[in-house]
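Residues 1 to 250 (full-length UniProt numbering) are what the sequence shown spells out, left to right.
The beta-carbon is built from N, C-alpha and C at its ideal position, and this holds for glycine as well.
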Amino acid sequence: MAENRASADGTGYGEGVPCWLDAQLPDVAAGQRFYGELFGWTFHDRPDVHGGSVWAHHKGRPVAALAHKTDGRMPTVWTVYFATPDIEGLADRIWAAGGQVVTAPMPVAELGTSALVTDPEGAVFGLWEPGGHPGFGARHEPGTFAWVELYARDTEAANTFYGGLFHDALFGPEAHPDFGRAPVSDVFPAEMPPHFLVHFGVEDCEAVLGTVGRLGGRVQAPPFETSYGKVAVVTDNQGASFAILERSER
1 MAENRASADG
11 TGYGEGVPCW
21 LDAQLPDVAA
31 GQRFYGELFG
41 WTFHDRPDVH
51 GGSVWAHHKG
61 RPVAALAHKT
71 DGRMPTVWTV
81 YFATPDIEGL
91 ADRIWAAGGQ
101 VVTAPMPVAE
111 LGTSALVTDP
121 EGAVFGLWEP
131 GGHPGFGARH
141 EPGTFAWVEL
151 YARDTEAANT
161 FYGGLFHDAL
171 FGPEAHPDFG
181 RAPVSDVFPA
191 EMPPHFLVHF
201 GVEDCEAVLG
211 TVGRLGGRVQ
221 APPFETSYGK
231 VAVVTDNQGA
241 SFAILERSER
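What follows is the structure, given as structure tokens:
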């Protein structure tokens with residue numbers, strides 16, 4: 001059974017649990033300056049990763065990667081990766097359920113195997129089968145991954161698709177999912193394509209919005225209340241969208 005609470009201790013994440021993030025950026029150094037100041041991240045080169053990337057660390061623990069966008073036609077975007085013990089089998093199931101395989105499973109040094117896929121509406125997400133790298137070394141803290149929301153045109157169809165892939169992680173008796181589904185029109189213009197929006201935890205949403213603006217980012221959606229806390233949607237200084245989440249008191 002997938003256990004959504006596993007993990008930042010290195011024991012691994014259950015299938016269907018968000019386990020890693022990367023950002024494809026035209027200027028990685030500019031990204032380091034932006035996110036380093038915004039979230040207190042430090043950065044470490046990973047020459048063992050094809051194409052080169054830097055890993056972001058929060059208090060010494062890996063939380064994300066920044067990679068150079070080699071093709072200007074590619075979007076500047078944050079991508080969430082879901083854990084799986086069988087990436088080939090999961091890619092086949094996605095295809096059979098109406099999704100697409102954008103990038104076939106491929107090894108990433110000794111770290112694991114990754115793939116990029118889409119759901120039937122075209123929302124892009126990643127798959128990660130761990131080798132030496134299980135995923136986040138920290139999450140659910142300020143400056144780390146907190147939540148991911150799929151903005152879909154048909155949320156019932158999305159629940160059916162992802163529930164079929166990741167039932168235990170989303171709906172199982174021990175599930176504590178970090179993955180929600182909502183209509184695109186709840187936050188964005190109706191013509192916006194379906195997409196995943198990565199949320200980073202913050203202690204003070206309003207204060208962080210001020211820092212985003214000072215660093216050259218902009219606010220796409222001002223703060224609004226959700227069942228899981230106060231959220232604002234922003235872009236970084238290169239146009240990659242993400243959300244900040246100030247958790248509700250529990």
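Closest by C-alpha distance to Ser248, when choosing among Glu129, Asp204, Val208, Val184
Counted from its first residue, the sequence shown places residue 248 at position 248. For Ser248, the nearest C-alpha among the options comes from Asp204.
Among Gly201, Phe39, Ala152, Asp178, the one whose alpha carbon lies nearest that of Glu141:
Position 141 of the sequence shown, counting from 1, holds the residue named residue 141. Checking every option, the nearest Cα to that of Glu141 belongs to Gly201.
State the CB to CB distance for the pair Val234 and Arg218, rounded to an integer number of angstroms; the pair is presumed to be in contact (CB under 8 Å).
Position 234 of the sequence shown, counted from the start, is the residue given in the question as residue 234. Position 218 of the sequence shown, counted from the start, is the residue given in the question as residue 218. About 7 Å separates the two Cβ atoms, so the contact holds.
For Leu245, which residues of its own chain have a beta-carbon under 6 Å away from its beta-carbon, when the five flanking residues on both sides are left out?
Counting from one through the sequence shown, the residue named residue 245 turns up at place 245. Ala146, Trp147, His199, Gly201, Gly229, Val231.
For the region 151 to 167 against the region 72 to 80, do three or more pairs of beta-carbon atoms, one drawn from each stretch, fall closer than 8 Å, so that the two count as touching?
no
Leu209 to Gly132 span [Cα, whole Å]:
For the purposes of this step, residue 209 is taken as the residue at position 209 of the sequence shown. For the purposes of this step, residue 132 is taken as the residue at position 132 of the sequence shown. Approximately 36 Å, taken between the alpha carbons.
Host beta strand (DSSP E) of Asp92 (start-end):
Start at 1 with the first residue of the sequence shown, and residue 92 comes out as number 92. No beta strand (DSSP E) holds Asp92; the alpha helix (DSSP H) holding it covers 87 to 96.
With DSSP as the reference, label Thr79 as helix, strand or coil.
Translated into positions along the sequence shown, residue 79 becomes position 79. It is a strand residue.
In its own chain, which residues sit with a C-beta less than 7 Å from the C-beta of Gly10, not counting the 5 before and 5 after it?
For the purposes of this step, residue 10 is taken as residue 10 along the sequence shown, with counting starting at 1. Low local confidence applies: a pLDDT of 46 at Gly10 is under 50, so the model's placement there is unreliable, and no value is given.
Using a 10 Å radius around the Cβ and a threshold of 16 neighbouring Cβ atoms, would you call Ala8 buried or exposed?
Taking the sequence shown and counting its residues from 1, one reaches residue 8 at position 8. With a pLDDT of only 49 at Ala8, under the threshold of 50, the placement of this residue in the model should not be trusted, and no figure is reported.
Rounded to the nearest angstrom, what separates Val102 and Phe179 at their Cα positions?
Here the question's residue 102 lines up with position 102 in the sequence shown. Here the question's residue 179 lines up with position 179 in the sequence shown. Using only the alpha carbons, I get a separation of about 21 Å.
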